[in-house]
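Counting in full-length UniProt numbering, the sequence shown runs from 1 upward without gaps.
For every residue, glycine included, the Cβ atom is placed at its ideal position computed from N, Cα and C.
Predicted, not measured: the structure shown is a model, and the values here were computed from it.
Worksheet: one structure, shown below.
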Amino acid sequence: MKKRAAQETLPIPQIYSQEIVKIRIDNPTLDTGSFFPLLDSIDASLYRRRAKNYPKLPTNVEDFVLPDGWKLGLHGEPFLLVDETYGKNRLLMFASDWSIRFLSSCSQWHSDGTFKCRPLLFEQVYILFGFNNFMIPCVYCLRTKKDENVYVKILQHLLTIASQKGVILNPTRITCDFELATINAFRAIFNAVHISGCFFHYAQSLWRKVQELGLTRLVNPSNARRSSKFSNEARKNAKDWFMAAIGLALIPPNLVEKTWIEAMDEKTPTHRSSVKFNDYMVSTYVDITSSRYPMELWNVNDALRKNLPRTNNHVEGYNGRLGSLFPVHPHLFRFIECLRDEHVYQHHLAEQSRAHVANTGSFFAVNRGIYPFCGNGSR
Numbered sequence: 001m002k003k004r005a006a007q008e009t010l011p012i013p014q015i016y017s018q019e020i021v022k023i024r025i026d027n028p029t030l031d032t033g034s035f036f037p038l039l040d041s042i043d044a045s046l047y048r049r050r051a052k053n054y055p056k057l058p059t060n061v062e063d064f065v066l067p068d069g070w071k072l073g074l075h076g077e078p079f080l081l082v083d084e085t086y087g088k089n090r091l092l093m094f095a096s097d098w099s100i101r102f103l104s105s106c107s108q109w110h111s112d113g114t115f116k117c118r119p120l121l122f123e124q125v126y127i128l129f130g131f132n133n134f135m136i137p138c139v140y141c142l143r144t145k146k147d148e149n150v151y152v153k154i155l156q157h158l159l160t161i162a163s164q165k166g167v168i169l170n171p172t173r174i175t176c177d178f179e180l181a182t183i184n185a186f187r188a189i190f191n192a193v194h195i196s197g198c199f200f201h202y203a204q205s206l207w208r209k210v211q212e213l214g215l216t217r218l219v220n221p222s223n224a225r226r227s228s229k230f231s232n233e234a235r236k237n238a239k240d241w242f243m244a245a246i247g248l249a250l251i252p253p254n255l256v257e258k259t260w261i262e263a264m265d266e267k268t269p270t271h272r273s274s275v276k277f278n279d280y281m282v283s284t285y286v287d288i289t290s291s292r293y294p295m296e297l298w299n300v301n302d303a304l305r306k307n308l309p310r311t312n313n314h315v316e317g318y319n320g321r322l323g324s325l326f327p328v329h330p331h332l333f334r335f336i337e338c339l340r341d342e343h344v345y346q347h348h349l350a351e352q353s354r355a356h357v358a359n360t361g362s363f364f365a366v367n368r369g370i371y372p373f374c375g376n377g378s379r
């Protein structure tokens, strides 16, 4: 309980209740009421324990000041590289000399945000990764707002930091989700960069549309078997139709429009919502002149041919890693402690991965051993 009180931001009474419940679940016959101390007798000591290890916790984002020691890495090097307050919002950016230099060596970047380990008062942890035969998280951003302006601020700050360190940031390819604010910001700062949406997120968006339109039982064979409403042929056509939609992201761009027209003509299911899905595909992805997302954003055939990662799955895996390493709802200072340790570990992984690449000439063949949370880096 003392450890949780020191590390978490949950109210002490809530921690107290949770610990009692846990003990009673583990020991059903134990009479906790006869020996467990009253909350009134220990809450003051638990609050003192919380205050002992850390400065006073901030109550708002606008006017708290981080003590100098909390701006440094484990070796006393600068770690908090940006601390900007604008209006009622705050942006903190953590990185180090080695991670900025690694990012400058990478022509391919990945970006993603996670909510699992964000400290209170902040909306999200946004992370920029560099890929140079292996993937490394390089810059961690705490932000209170998610919009295009914040993404632009982050990238502008990065360029300034790199310039101060005498390195150049010039990514040629960036993989991100389909959030237009992210895409627009990268295009504004790196106007020649190729922005690629995550193939997994593309497929996920199609599946969400299928669910929205009530086509799940027809398209998903496991669900369809439980209903006699559709014939085997109808199920097969529906599956082929949906898989054709997903497969558009993998074929050469010049074949996309022709392929989808053929799929619509030959495989569209007889269902009241099928036409709506066809219209969605055309207006959102396929139409060369007016689709919401241009083909170069969601089509990953180029990455497929060059054996580059086509998804952000490895990034999603890293978010899972952070969720297992960081406490639930860490307060800001506990978050910084965990992030310092994690950043040092990532430095180790970067060196280890570089050695493997030098020895084997390929990262994808060995990445499960080096970077177990990445999964298959070639996806």
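In the three-state DSSP reduction, His-110 falls in the strand class (E or B). Relative to Met-135, the option among Leu-308, Leu-332, Asn-359 whose CA is nearest is Leu-308.
Inclusion of Tyr-54 and His-331 in the CB contact set at 9 angstroms is warranted, their separation being smaller than that value. Of the other Cβ atoms in all chains shown, 16 or more fall within 10 Å of the Cβ of Gln-346; this residue is therefore buried.
For Leu-92, the enclosing beta strand (DSSP E) begins and ends at 89-94.
From the listed residues Glu-62, Ile-154, Gln-164, Leu-215, the smallest Cα separation to Phe-190 is found for Ile-154.
CA-to-CA, the gap between Leu-248 and Cys-198 works out to about 14 angstroms.
The DSSP-derived three-state label of Cys-198 is coil. Where Asp-240 is concerned, the enclosing alpha helix (DSSP H) starts and stops at 232-247. When secondary structure is reduced to three states using DSSP, Gly-130 falls in the strand class. With contacts defined as CB atoms closer than 9 angstroms, Ala-234 and Pro-269 qualify as a contacting pair. Collapsing the DSSP output to three states places Pro-13 in a helix. Residue Gln-108 holds the alpha-carbon nearest to the alpha-carbon of Lys-306 among Asn-254, Glu-257, Gln-108, Val-256. For Arg-217, the closest of Phe-277, Met-1, Ala-238 by C-alpha to C-alpha distance is Ala-238. A Cβ-Cβ distance of about 4 angstroms is found for the pair Leu-46 and Ala-5, placing them in contact under the 8 angstroms criterion. Put simply, of Pro-78, Asn-278, Ile-15, Ile-288 the residue whose alpha carbon is nearest the alpha carbon of Lys-165 is Pro-78. The region 134-153 and the region 192-207 do not touch, with fewer than three beta-carbon pairs separated by less than 8 angstroms. For Glu-84, the three-state secondary structure derived from DSSP is strand.
In the DSSP assignment, Tyr-140 is bridged to Phe-94, Ile-127.
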